[in-house]
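First comes the structure, then the notes that go with it.
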Amino acid sequence: MDPIKRITKQQLFLPFFCLLIVLLINLIKSPTFFNIGIQHGVLYGRLIDILNRGSEIAILAVGQTLVVAVSAGTDISVGSVMSLSACGTCMMLAGYGVNSTTQLAVPMGIGILFGIFLGGLCGAMNGALVAKLKIQPMVATLILFTAARAIGLLLCNNQITYIRYEPYKYLGNFIPGCPIPTAIFVTIAVIAIVSILLRKTALGLYIQSAGINSRAARISGINSAMICFVCYVICGLCAGIAGMVASSRIYSADSNNIGLNYELDAILAVALGGNSLGGGKFNLAGAVVGAYTIQAITTTLLAMGVSTDQAPVIKAIIVIIIVVVQAPTFKEWIANTEAKRKALAAEGGQKA
Amino acid sequence: MKKLNKFSGNTVLLLITIVLFIGMYAAGCVIYSAKGFTHVQTFLNLLITNAGLICVACGMTCVMLTGGIDISVGSLIAMDCMILAYGMGVKGWPCIPLIILILVIGLIFGAVQGYLIGYLKIQPFIITMAGMFFARGMTAVICTDQISITQDMNPMFYKWANAKINLPGFLGYVNKKGKTVVPFIRPTVVIALLVVAIIFFVLKYTKFGRNLYAVGGNQQSATMMGLNVKATKMKAYILSSFLCSIGGICYCLNTMSGSVQQALGFEMNAIASSVIGGTLLTGGVGNVIGSLFGVLINGTISTLVTTNGKLLSSWSNIMTAALLCFFIILQSLFAYFKNRNNR
Chain P
1 MDPIKRITKQ QLFLPFFCLL IVLLINLIKS PTFFNIGIQH GVLYGRLIDI LNRGSEIAIL
61 AVGQTLVVAV SAGTDISVGS VMSLSACGTC MMLAGYGVNS TTQLAVPMGI GILFGIFLGG
121 LCGAMNGALV AKLKIQPMVA TLILFTAARA IGLLLCNNQI TYIRYEPYKY LGNFIPGCPI
181 PTAIFVTIAV IAIVSILLRK TALGLYIQSA GINSRAARIS GINSAMICFV CYVICGLCAG
241 IAGMVASSRI YSADSNNIGL NYELDAILAV ALGGNSLGGG KFNLAGAVVG AYTIQAITTT
301 LLAMGVSTDQ APVIKAIIVI IIVVVQAPTF KEWIANTEAK RKALAAEGGQ KA
Chain U
1001 MKKLNKFSGN TVLLLITIVL FIGMYAAGCV IYSAKGFTHV QTFLNLLITN AGLICVACGM
1061 TCVMLTGGID ISVGSLIAMD CMILAYGMGV KGWPCIPLII LILVIGLIFG AVQGYLIGYL
1121 KIQPFIITMA GMFFARGMTA VICTDQISIT QDMNPMFYKW ANAKINLPGF LGYVNKKGKT
1181 VVPFIRPTVV IALLVVAIIF FVLKYTKFGR NLYAVGGNQQ SATMMGLNVK ATKMKAYILS
1241 SFLCSIGGIC YCLNTMSGSV QQALGFEMNA IASSVIGGTL LTGGVGNVIG SLFGVLINGT
1301 ISTLVTTNGK LLSSWSNIMT AALLCFFIIL QSLFAYFKNR NNR
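Keeping their order, the protein sequence lines are chains P and U. Taking the numbering used here, the leading residue of the first sequence gets 1, the next gets one more, and so forth. Taking the numbering used here, the leading residue of the second sequence gets 1001, the next gets one more, and so forth.
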């Protein structure tokens, strides 16, 4: 195999390639893109911004990858669950019905754990519907896609709850004295924990086998339903953590806007990472790189003056292109035309 | 024996739906009789406000019969409303060409989605989700402001929106001033009920309708029978998007405005209506009469929430989601028992 083909065959090729193109476009448009400086004692620059803002998508993508791998469907409730857990945390911290507070009602740790627990609970509900009742993943998660945001509004008494308490802002911004955004550490921690879980236990292998053929996996002694359930719970927990980060950034719970359109970003990240949306084999690293690629695209679009409402158009087109290229029928068609071309060439050669 | 067997599964779901609707409405009548819930007009308002949803739910039912799903409908409606509002409000174009434009856009939108789903065999959810974000984004590309259509902008459209079709007077009631208030419906209701009738006829008596059931029931047998599964699926999505465009016009006639945030979560209502109406998510079972009742249940929930006045509007979302959850679980229980009986 020639070296170029060996590189393009790599699973990580697609996300890195896209990332490279996006960065290149940025470099041409504004040469100051890669500048990194220090302002007010913290790191500052576009690249840092991408790494920082991409944290939520990266965290969501980790959970989403597992869900896609195990059930060949996606969890479209992640954005809403993010908003629900943010609302839950703020409700706990501020007390019900209070819309702005400088004094916490309960210790911060308990509030944050409650938020993440809510995420896990949502994941468990999705998991139970998918794994036990065998409902298509997207229909099952559609329930929370609509309901979670509404429940969040109820928890916050239909208003935006502000937590004006300095340490609560650390998670989404900076810890004093540390120049690197805290969200990056959170992302690294989540990725590390999940990859250790996958590498050091047999969970990763189980997920793949359940995703490739759930019946065969069950017959060979794997509790497919349980594995599927666990994946959804992990996805819910990830959404909860992402919700914490998003809420901490704006030190409030804005149920209508936190996590809006994030489900598309998360799914896009998984697809861009070279993971088949048909389930089975998965690559966590690919999804994470994919997530940062998405964020780079978003940042570029915003820098070019496209509004946040309009950005989904381009992302939707990218999703369609990726899934079309991945589609077996399309691959077959390409292979057929290639074979025909070769056959024609061979015929021509014989005649000559 | 055969008849009994048929009765046990699908008809029961439909019966539950109808009983649930009547029960809910009766409960509403008892609790809120002082607030005018017992008037015929309240029921007609249910139809008027949900005319768009009825059209969309019919399309959704057709797609779900093939075992697919279309979650782009809410955004497509937002885009339709925006095109109408922007075209009439900002550009001052006449409404007939705009309506034709919207219908054509619906056809093209459905054709693209249908081609990708039917011929390239990509999961319907992924494609229609991309379509959902695409349409919502396009709405923002057209205009990010909220535009209202007023009488000066387009008198004709305004006249359509406010046209009343009076029903016989004996259905009315006498108000406090001693005047008889005659119940009325709007033209959108006629459109919606016409759509239901046509789709009911299509599903029951045409080749295309039977094909939809066959494809959803068992794709492999349908292929072996010589049906063109790919084309049938594609047609289903075209029909859905087209009906969605009609629904969009009805919706716009109701709201008379266009904004990016419009019809948010509408796909959920449409899917819930179909599922509550007895359409199986796995495909092959269902009809539009059930979906009509599904829409009515949906409408009753939100009417109950608004009539109460104290509850937050998000309660109607939660209630719908809970009801959807309940019916999905019910469906899978039915499927489970059916499987066990077959064994």
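Ideal placement from N, C-alpha and C gives every residue a C-beta, glycine not left out.
When only Cα atoms are considered, residue 279 of chain P and residue 143 of chain P end up about 22 Å apart. With a cutoff of 8 Å on beta-carbon distance, residue 118 of chain P and residue 240 of chain P are scored as near each other.
Exclusion of the five residues before and after residue 33 of chain P leaves 23, 26, 27, 46 and 47 as the residues of its chain whose Cβ lies within less than 8 Å of its Cβ. Under the DSSP assignment, residue 161 of chain P falls in the beta strand (DSSP E) whose first and last residues are 161-163.
Listed along chain P, no residue sits closer than 7 Å to residue 1290 of chain U by beta-carbon distance, the nearest being about 17 Å off. Around residue 135 of chain P, the beta-carbon contacts reaching into chain U at under 9 Å are 1281, 1328, 1329, 1331 and 1332. The count of Cβ pairs closer than 8 Å, one atom from the segment 1148-1162 of chain U and one from the segment 1087-1099 of chain U, reaches three, so the stretches are in contact.
Between the alpha carbons of residue 146 of chain P and residue 1179 of chain U lies a distance of about 43 Å.
Taking 8 Å as the threshold, the shortest C-beta distance from residue 1121 of chain U to chain P falls below it. For residue 327 of chain P, the residues of chain U that pass the 9 Å Cβ criterion are 1116, 1120, 1121 and 1122, in the order they occur in the chain.
Here the segment 186-206 of chain P does not lie against the segment 109-116 of chain P, with fewer than 3 beta-carbon pairs under 8 Å apart.
In the three-state reduction of the DSSP assignment, residue 1181 of chain U falls in the strand class, which pools E and B. By alpha-carbon distance to residue 295 of chain P, the top candidate from P/91, P/284, P/342 and P/315 is P/315. For the set U/1278, U/1053, U/1166 and U/1029, the Cα lying nearest the Cα of residue 1042 of chain U is the one of U/1029.
Residue 44 of chain P has P/37 as its beta-bridge partners, per DSSP. Comparing alpha-carbon positions, the option among P/204, P/332, P/300 and P/322 lying closest to residue 53 of chain P turns out to be P/300.
For secondary structure counted as the alpha helix (DSSP H) over 4 or more consecutive residues, the segment 176-212 of chain P holds these complete runs in sequence order: 182-200 and 203-212. Take residue 1102 of chain U, set aside five residues on each side of it, and the residues of its chain with a beta-carbon closer than 8 Å to its own are 1080, 1083, 1084, 1245, 1248 and 1249, in chain order. Here residue 1258 of chain U has 1081, 1082, 1085 and 1147 as same chain residues with Cβ atoms under 6 Å from its own Cβ, once five neighbours each way along the sequence are excluded.
With the rule of 3 Cβ pairs closer than 8 Å, the segment 1062-1077 of chain U counts as touching the segment 1274-1285 of chain U.
For residue 1129 of chain U, the chain P residues whose Cβ falls inside 9 Å of its Cβ are 74, 76, 138, 263, 264, 267, 316 and 319, in order along the chain. Under the Cβ criterion of 8 Å, residue 1318 of chain U is counted among the residues facing chain P. Listed in chain order, the non-local C-beta contacts of residue 1251 of chain U below 7 Å within the same chain comprise 1052, 1077, 1081 and 1263, local neighbours out to five positions each way being set aside. Here residue 1145 of chain U is exposed, its C-beta having fewer than 16 other C-beta atoms within 10 Å. Only 1069 and 1071 from the segment 1060-1076 of chain U bring a Cβ to less than 8 Å from some Cβ of chain P. Counting the other CB atoms within 10 Å of its CB gives residue 14 of chain P a total of 16 or more, which places it among the buried residues. Here residue 1300 of chain U is not near residue 1014 of chain U, since their CB atoms are 8 Å or more apart.
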